[in-house]
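A.B. asks: Next up is a structure, given as structure tokens.
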């Protein structure tokens, strides 16, 4: 009884407690169900993200495998030279040039093959990882045989180290040399390009007292002993020891220098960077020229654009175009434009010929897909193209008036060139006569002169990127690979079209305006023959031919001696030796014998009659409309 009387109340309390807690537990269960549902949704979303990332990773892995295969092919091809083997047998007449000659009347086949190649080449190449991987492997193979050489080009020597850091180091170092310290940075960079490397064994004389010399030395590795004849002593006495970073013989760059001391290597494999007076004078200038350069006030590299074109006949028309483009609404500009025709199409999008409604003012509207920009990681190139075109004002470069954008496209409103692509004309004519090619190259040189003066390297020269205006003058377009590097600087981005890319770009040694000079030589060849000297269906094979150099190419007899000489000078494997990349820049190319008697002033003032003037696209569209 006692126990029952005690337990009964406790049972009631338990039942009461359970009845009180029953409602909160039910609500808590509902809350938990909702949370579980949300968590399941979150897990499903994350699963989808993971699947997408896995797919992306698989795609990247496939791309990486493809690049590794390409690298292996290129290494196999280059390995012949690096391992001391004889080079591969000359390619059979599969060159596009020879195929054209052999095909005779099958011109349609040539055009089809060429169009296919050019369509693939439109987007060019941008593959920094591929180039970097290849160059690393190539240098590893290269070291084993490099020791056997007495002297090698300093570009290769610098490339085996951190080339960017060494270039900066040398510029700082040269600033401490009394003869060179006042020179501008671009001149110092030219000296760096001239440097070669010499090797000396222990006890070997680098220079001897009393000898005449013409070479300047910088110690790159090891130590040297400086000895000098002294009265009362039968043997020269050691007066100093020089180490890495020290230099001697700078007076030899001015004139014949009688050496006042002996310089002797103190250890094996002592290395000195050297430059002789002839190379120094050719690349940088004579001492007298440098002194004059420093005394005179250096003219501005970029002349005021307004003054530059103030008296030209096109000035008023250009101002009018700028004003009309400025009046277009950013939101409804497409409604203010009328599409006349499609000028071109590609993976990037399309280029439309448009005109202002109710006016006869025409523009080219470049429509670039945003998705394509993101997929190909071209954001930086698009920004660079926009910025460079907005800053340039040259009669031989297509002008940019406005940019727009919407949800799907980025738009560039450009100067219209009604003569079409130079490539289309070349395709129709098969090749150009010398006078026609010279006129085209003259226009390109004016554009290069302007760009290089502004510190801009173009890097994508080819017939597709050259347009003809209504008067038949050539204008440069498509600045996606152009880059402002400044004077005396280099860049390491791997980009361009395989047939036109320079050797130093392939080898990732760093390149500058010399890459444009190389591509100019290739363009001259293609205009005169109808196809570039290095071509094929496999880019890796093209790169291999490029690295073998223009010397391995049989120049067709159609090209006469003067343009052949110019091509060979422009396509030197060493960029420091290329015409147009020396102390006088583009001026040296203009002075070549191939341009003897050419009216440069008439070209600049647009007084020369173009051999390529033809019916404009607008006229064709008008005549087509009338026929209909």
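Residue numbers (my numbering): 798 to 1425. Where a beta carbon is used, it is the ideal one built from N, C-alpha and C, also for glycine.
1. With a threshold of 6 Å on Cβ separation, who are the neighbours of residue 1390 within its own chain once the five nearest residues in sequence on each side are excluded?
2. Whose C-alpha, out of 1384, 1321 and 1043, is nearest the C-alpha of residue 793?
3. Is the beta carbon of residue 1019 closer than 8 Å to that of residue 1063?
4. Would you mind working out which of 1128, 1160, 1165 and 854 sits nearest residue 1142, comparing C-alpha positions?
5. So is residue 835 buried or exposed if we call it buried at 16+ other beta carbons inside 10 Å?
6. Below 8 Å between beta carbons: does that hold for residue 1056 and residue 1000?
7. Roughly how many angstroms separate the alpha carbons of residue 1477 and residue 1167, rounded to a whole number?
8. Alpha helix (DSSP H) containing residue 1222: first to last residue?
9. Using DSSP bridges, identify the partner residues of residue 1152.
10. Measure the alpha-carbon distance for residue 1383 versus residue 1015 and round it to whole angstroms.
11. Using a Cβ-Cβ cutoff of less than 6 Å, which residues in the same chain neighbour residue 1400 once the five nearest sequence positions on both sides are dropped?
12. Please go through the region 1268–1354 and give each complete beta strand (DSSP E) segment of 3 or more residues, from N-terminal end onward.
13. Are the beta-carbon atoms of residue 1296 and residue 1331 separated by less than 8 Å?
14. Between which residues of its own chain and residue 1405 is the CB-CB distance below 8 Å, once the five residues before and five after are set aside?
15. Tell me the rounded alpha-carbon separation between residue 1409 and residue 1362.
16. Residue 1072: which of 1194, 1249, 995 and 1139 sits nearest, CA to CA?
17. What are the residues that DSSP puts in a beta bridge with residue 1059?
18. Alpha carbon to alpha carbon, how far is residue 1378 from residue 1250?
19. Secondary structure at residue 1254, three-state DSSP: helix, strand or coil?
20. Give me the DSSP bridge partner(s) of residue 1013.
21. Tell me, please, whether the region 1146–1163 touches the region 1200–1218 by the rule of three or more beta-carbon pairs shorter than 8 Å.
22. According to DSSP, simplified to helix, strand and coil, what is residue 1128?
23. On a CA-only basis, which of 1079, 1289, 1356 and 1294 is nearest residue 1230? Give me that one, please.
24. Tell me the rounded alpha-carbon separation between residue 861 and residue 1079.
25. When the Cα atoms are used, what is the spatial distance from residue 851 to residue 1177?
26. Is residue 1222 buried or exposed, if buried means 16 or more other CB atoms sit within 10 Å of its CB?
27. Express the C-alpha separation of residue 849 and residue 843 in angstroms, rounding to a whole number.
28. With DSSP as the reference, label residue 1141 as helix, strand or coil.
29. Quick one: what's got a C-beta closer than 7 Å to residue 1227's C-beta in the same chain, skipping five residues either side?
30. Is the region 1182–1200 in contact with the region 1110–1127, if contact means three or more CB pairs nearer than 8 Å?
31. Count Cβ pairs between the region 1313–1323 and the region 1277–1290 that sit closer than 8 Å; are there 3 or more?
32. Put residue 1007 into one of helix, strand or coil per three-state DSSP.
33. Whole angstroms is fine: what's the gap from residue 1113's alpha carbon to residue 1255's?
34. Kindly give me the distance between the Cβ atoms of residue 1045 and residue 1060, rounded to whole angstroms, as I take these residues to be in contact under 8 Å.
35. Quick one: is residue 1155 buried, meaning 16 or more other Cβ sit within 10 Å of its Cβ, or exposed?
36. Within a Cβ cutoff of 8 Å, which residues of the same chain sit near residue 1386, ignoring the five residues on either side of it in sequence?
C.D. replies: Short version:
1. In the chain shown, counting from the first residue as 1, residue 1390 sits at position 593. These residues qualify, in order along the chain: 1359.
2. Residue 793 cannot be examined here, being either before or after the span of the chain that is shown, 798 to 1425.
3. If you number the chain shown from 1, residue 1063 lands on position 266. If you number the chain shown from 1, residue 1019 lands on position 222. Yes, Cβ-Cβ distance for residue 1063 and residue 1019 is below 8 Å.
4. On the chain shown, residue 1142 is found 345 positions in, with the first residue counted as 1. Of the candidates 1128, 1160, 1165 and 854, the one whose C-alpha sits nearest the C-alpha of residue 1142 is 1165.
5. Against the chain shown, residue 835 aligns to sequence position 38. Residue 835 comes out exposed.
6. By one-based count along the chain shown, residue 1056 stands at place 259. By one-based count along the chain shown, residue 1000 stands at place 203. Cβ atoms of residue 1056 and residue 1000: not closer than 8 Å.
7. Nothing can be reported for residue 1477: it is not among the residues displayed for the chain, which extend from 798 to 1425.
8. Indexing the chain shown from 1 puts residue 1222 at position 425. Where residue 1222 is concerned, the enclosing alpha helix (DSSP H) stretches over 1219–1226.
9. As a working note, residue 1152 is residue 355 in the chain shown. Paired residues: 1135 and 1159.
10. Position 586 of the chain shown holds residue 1383. Position 218 of the chain shown holds residue 1015. Distance between the alpha carbons of residue 1383 and residue 1015 is about 30 Å.
11. Here residue 1400 is taken as the residue at index 603 of the chain shown, counted from 1. Within the same chain, residue 1400 has close Cβ partners 1239.
12. 1271–1273
13. For the purposes of this step, residue 1296 is taken as the residue at position 499 of the chain shown. For the purposes of this step, residue 1331 is taken as the residue at position 534 of the chain shown. Yes, the Cβ-Cβ distance between residue 1296 and residue 1331 is below 8 Å.
14. Numbered from its first residue, the chain shown carries residue 1405 at position 608. Counting only Cβ-Cβ distances below 8 Å, and skipping sequence neighbours, we find 1236, 1396 and 1399.
15. Taking the chain shown and counting its residues from 1, one reaches residue 1409 at position 612. Taking the chain shown and counting its residues from 1, one reaches residue 1362 at position 565. Roughly 25 Å between the two C-alpha positions.
16. As a first step, residue 1072 is located in the chain shown; it is residue number 275 there, counting from the start. Out of 1194, 1249, 995 and 1139, 995 has the C-alpha closest to the C-alpha of residue 1072.
17. Counting from one through the chain shown, the residue named residue 1059 turns up at place 262. Beta-bridge pairing links residue 1059 to 1024.
18. In the chain shown, the residue the question calls residue 1378 occupies position 581. In the chain shown, the residue the question calls residue 1250 occupies position 453. Whole-angstrom Cα-Cα distance: 12 Å.
19. Locating residue 1254 in the chain shown gives position 457, counting from the first residue. Three-state DSSP puts residue 1254 in a strand.
20. Sequence index remark: in the chain shown, residue 1013 carries index 216 (1-based). Answer by DSSP bridge pairing, in chain order: 1072.
21. yes
22. For the purposes of this step, residue 1128 is identified with residue 331 of the chain shown, where counting begins at 1. Coil at residue 1128, not helix or strand.
23. By 1-based counting over the chain shown, the position of residue 1230 is 433. The option with the nearest alpha carbon to residue 1230 is 1356.
24. The residue you call residue 861 lines up with position 64 of the chain shown. The residue you call residue 1079 lines up with position 282 of the chain shown. If you take the alpha carbons of residue 861 and residue 1079, they lie about 44 Å apart.
25. What you label residue 851 is simply residue 54 of the chain shown in a count that begins at 1. What you label residue 1177 is simply residue 380 of the chain shown in a count that begins at 1. Taking the straight line joining both Cα atoms gives about 26 Å.
26. As a working mapping, residue 1222 is identified with position 425 in the chain shown. Counting Cβ neighbours within 10 Å, residue 1222 comes out buried, since at least 16 surround it.
27. Residue mapping note: residue 843 aligns to position 46 of the chain shown, counting from 1. Residue mapping note: residue 849 aligns to position 52 of the chain shown, counting from 1. Spanning the two alpha carbons is a distance of roughly 10 Å.
28. Residue mapping note: residue 1141 aligns to position 344 of the chain shown, counting from 1. Of the three classes helix, strand and coil, the one that applies to residue 1141 here is strand, per DSSP.
29. Here residue 1227 corresponds to residue number 430 of the chain shown, with the count starting at 1. Closer than 7 Å at the Cβ level, and outside the excluded window around residue 1227, lie 1327.
30. yes
31. no
32. Looking up residue 1007 in the chain shown gives position 210. Residue 1007: coil per DSSP, three-state reduction.
33. By 1-based counting over the chain shown, the position of residue 1113 is 316. By 1-based counting over the chain shown, the position of residue 1255 is 458. If you take the alpha carbons of residue 1113 and residue 1255, they lie about 28 Å apart.
34. Taking the chain shown and counting its residues from 1, the one referred to as residue 1045 is at position 248. Taking the chain shown and counting its residues from 1, the one referred to as residue 1060 is at position 263. With a Cβ gap of about 6 Å, residue 1045 and residue 1060 count as contacting.
35. Residue mapping note: residue 1155 aligns to position 358 of the chain shown, counting from 1. Classification for residue 1155: exposed.
36. Numbered from its first residue, the chain shown carries residue 1386 at position 589. The residues are 1242, 1314, 1317, 1363, 1367, 1376, 1377 and 1392.
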